[in-house]
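Data block below; observations after.
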Amino acid sequence: METKTDILIIEDDPFMRDLVALSLRDAGYRVCECTGQRAQHLHETVSAKVIVVDLNEPRHSSMKTIDALRVRFPAALIVAISGYFGAGAATADAVIRQLGVDRALAKPFDCNDLVASVKALLEPLSND
């Protein structure tokens, strides 16, 4: 299944970034990956329908990161990942409300859960 949907991954940990990118590529998505620092300088040619972003990047505030992504990619869906959210649906719901993201996953997470979250976010868009 080739979806050809563009996904941007913003993660400073190279192992985690590679793992997330591989999982999404295996699911048929086109992936652009970068660090939090590099994300600030992405060219205008980079597009993304979904952004997977680690919200505990060094030197970056979560709210500033989300606000900047919303300005640069106003239509993109945002999946926040972090090792500091804590587990559980109530915590994820609180993060979603507080930060205004579309999904939140606590690290460590199963990559199948990430892929399922991305698919669920994109499903309504495929019916347009």
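The numbering of the sequence shown is numbering that gives the first Met the number 0, which starts it at 0 and goes up by one. Using N, Cα and C, we set each Cβ at its ideal position, and we do this for glycine too.
Opening and closing residue of the beta strand (DSSP E) in which residue i lies
{"i": "alanine 115", "result": "Note, alanine 115: premise wrong, no beta strand (DSSP E); alpha helix (DSSP H) at 110-125."}
Selection from the options that minimises the alpha carbon distance to residue i
{"i": "glutamate 43", "options": "Arg71, Val78, Ser81 and Ser60", "result": "Arg71"}
{"i": "leucine 76", "options": "Cys110, Thr90, Asp11 and Lys118", "result": "Lys118"}
{"i": "alanine 20", "options": "Met62, Ile50 and Gly82", "result": "Ile50"}
{"i": "isoleucine 80", "options": "Gln39, Glu122, Ser116 and Asp5", "result": "Ser116"}
{"i": "threonine 64", "options": "Leu98, Ala93 and Val45", "result": "Leu98"}
{"i": "methionine 62", "options": "Val100, Cys33 and Gln39", "result": "Val100"}
{"i": "leucine 124", "options": "Asp66, Met15, Ala74 and Glu10", "result": "Ala74"}
Sequence-distant residues of the same chain with beta carbon closer than 6 Å to residue i, five excluded per side
{"i": "isoleucine 95", "result": "Ala103"}
{"i": "alanine 26", "result": "Val114"}
{"i": "tyrosine 83", "result": "Asn55"}
Residue i burial status per 10 Å Cβ neighbour count (16 or more: buried)
{"i": "tyrosine 28", "result": "buried"}
{"i": "arginine 24", "result": "exposed"}
{"i": "glutamate 122", "result": "exposed"}
{"i": "alanine 47", "result": "buried"}
Where the alpha helix (DSSP H) containing residue i begins and where it ends
{"i": "aspartate 25", "result": "13-25"}
{"i": "alanine 75", "result": "Counting along the chain, alanine 75 falls outside any alpha helix (DSSP H), and DSSP gives it neither H nor E."}
{"i": "alanine 38", "result": "35-38"}
Helix, strand or coil at residue i [DSSP, three-state]
{"i": "serine 81", "result": "strand"}
{"i": "leucine 54", "result": "coil"}
{"i": "aspartate 5", "result": "strand"}
{"i": "valine 70", "result": "helix"}
{"i": "methionine 0", "result": "Any reading at methionine 0 must be qualified, since the residue scores a pLDDT of 40, below 50, and its modelled position is unreliable; the value itself is stated next. In the structure shown, methionine 0 sits in coil (DSSP, three-state: anything other than H, G, I, E or B)."}
Beta-carbon proximity list for residue i, same chain, < 8 Å, skipping 5 on both sides
{"i": "leucine 18", "result": "Cys110"}
Own chain residues within Cβ distance below 7 Å of residue i, not counting five before or after
{"i": "valine 30", "result": "Ile6, Ile8, Ala20, Leu23 and Arg24"}
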